[in-house]
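Asks: One structure is given below, represented as structure tokens, and several questions about it will come after.
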Amino acid sequence: NAGVTQTPKFQVLKTGQSMTLQCAQDMNHNSMYWYRQDPGMGLRLIYYSASEGTTDKGEVPNGYNVSRLNKREFSLRLESAAPSQTSVYFCASSAEWHQPQHFGDGTRLSIL
Amino acid sequence: DAKTTQPPSMDCAEGRAANLPCNHSTISGNEYVYWYRQIHSQGPQYIIHGLKNNETNEMASLIITEDRKSSTLILPHATLRDTAVYYCIVSIKAAGNKLTFGGGTRVLVKP
Chain Y
44 NAGVTQTPKF QVLKTGQSMT LQCAQDMNHN SMYWYRQDPG MGLRLIYYSA
94 SEGTTDKGEV PNGYNVSRLN KREFSLRLES AAPSQTSVYF CASSAEWHQP
144 QHFGDGTRLS IL
Chain A
821 DAKTTQPPSM DCAEGRAANL PCNHSTISGN EYVYWYRQIH SQGPQYIIHG
871 LKNNETNEMA SLIITEDRKS STLILPHATL RDTAVYYCIV SIKAAGNKLT
921 FGGGTRVLVK P
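Those sequence lines, one after another, are chains Y and A.
Residue 155, in the working numbering, is where the first sequence stops; the numbers in between run on with no holes.
Residue 931, in the working numbering, is where the second sequence stops; the numbers in between run on with no holes.
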């Protein structure tokens, strides 16, 4: 069982470049989430999608856009990367709103 | 969302029970208590959750006080692989189940 798959695992960007982080889940979950984790900190929610066709802002949405492509896939886009966006990005999914979230292994993103 | 307070760190002897406290004095009636852990820099792993009653699964037990203002996660027989950061989270009852991760408790299981 793959669970939640994130690609790429590592990426280095230059300031101003754009990039899309991909996330796919094979558990037929309705809800999907994007978090970032800065060194020594807890995770912070960027965007979430409660169900296919809907997306909403989380705690730190500025500088990001998301697309819920279908039930399986939820992508996160950085239009113009900034050094402050250097972080580890985690995607998660859950069956329904109050069910536990399952996390991917993360994408480690460095912006120079 | 209700805020949670956890000790920043604690040590535990291998084979002994680990009791991790969490304060959530402003929790509302429809908020669940969730516990996750994060080993090294891996993605967080779900452990257990509850609303009012105590819960037990193959990983841990969750004890919630009657007034729901605090809870304790119990790892019955800690192993070295349980060394991790443990997060206590209360979640609002709304679409999206947004989790707010605080600083967590860094648990070190020692031989």
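Think of the CB as a built atom: it goes at the ideal place given N, C-alpha and C, for glycine as much as any other residue.
All of these numbers come straight from a predicted model, not from anything done at the bench.
What is the C-beta distance between residue 120/Y and residue 52/Y, in whole angstroms, given that I count them as a contact (C-beta under 8 Å)?
Replies: Their Cβ separation, rounded to whole angstroms, is 18 Å, which puts residue 120/Y and residue 52/Y out of contact at 8 Å.
Asks: In terms of alpha-carbon separation, which member of 93/Y, 58/Y and 82/Y lies closest to residue 116/Y?
Replies: 93/Y
Asks: Please work out which residues of its chain come closer than 6 Å, Cβ to Cβ, to residue 59/Y, disregarding the five sequence neighbours upstream and downstream, and give them in chain order.
Replies: Answer for residue 59/Y: 123, listed in chain order.
Asks: Keeping to the same chain, check which residues put their C-beta closer than 8 Å to that of residue 909/A; ignore five residues upstream and five downstream.
Replies: The answer, listed in chain order, is 824, 853, 854, 855, 856, 919, 920, 921 and 922.
Asks: Could you tell me if residue 85/Y is buried or exposed, where buried requires 16 or more neighbouring beta carbons within 10 angstroms of its beta carbon?
Replies: buried
Asks: Assess contact between the segment 71-82 of chain Y and the segment 133-140 of chain Y, defined as three or more Cβ pairs (one per stretch) separated by less than 8 Å. Is contact present?
Replies: yes
Asks: Do the segment 833-841 of chain A and the segment 892-905 of chain A make contact, defined as three or more Cβ pairs closer than 8 Å?
Replies: yes
Asks: Looking only at C-alpha atoms, which of 931/A, 831/A, 848/A and 925/A sits nearest to residue 887/A?
Replies: 848/A
Asks: Rounded to whole angstroms, what's the CA-CA distance from residue 844/A to residue 88/Y? Just pull it up for me.
Replies: 20 Å
Asks: Within a Cβ cutoff of 7 Å, which residues of the same chain sit near residue 113/Y, ignoring the five residues on either side of it in sequence?
Replies: 95
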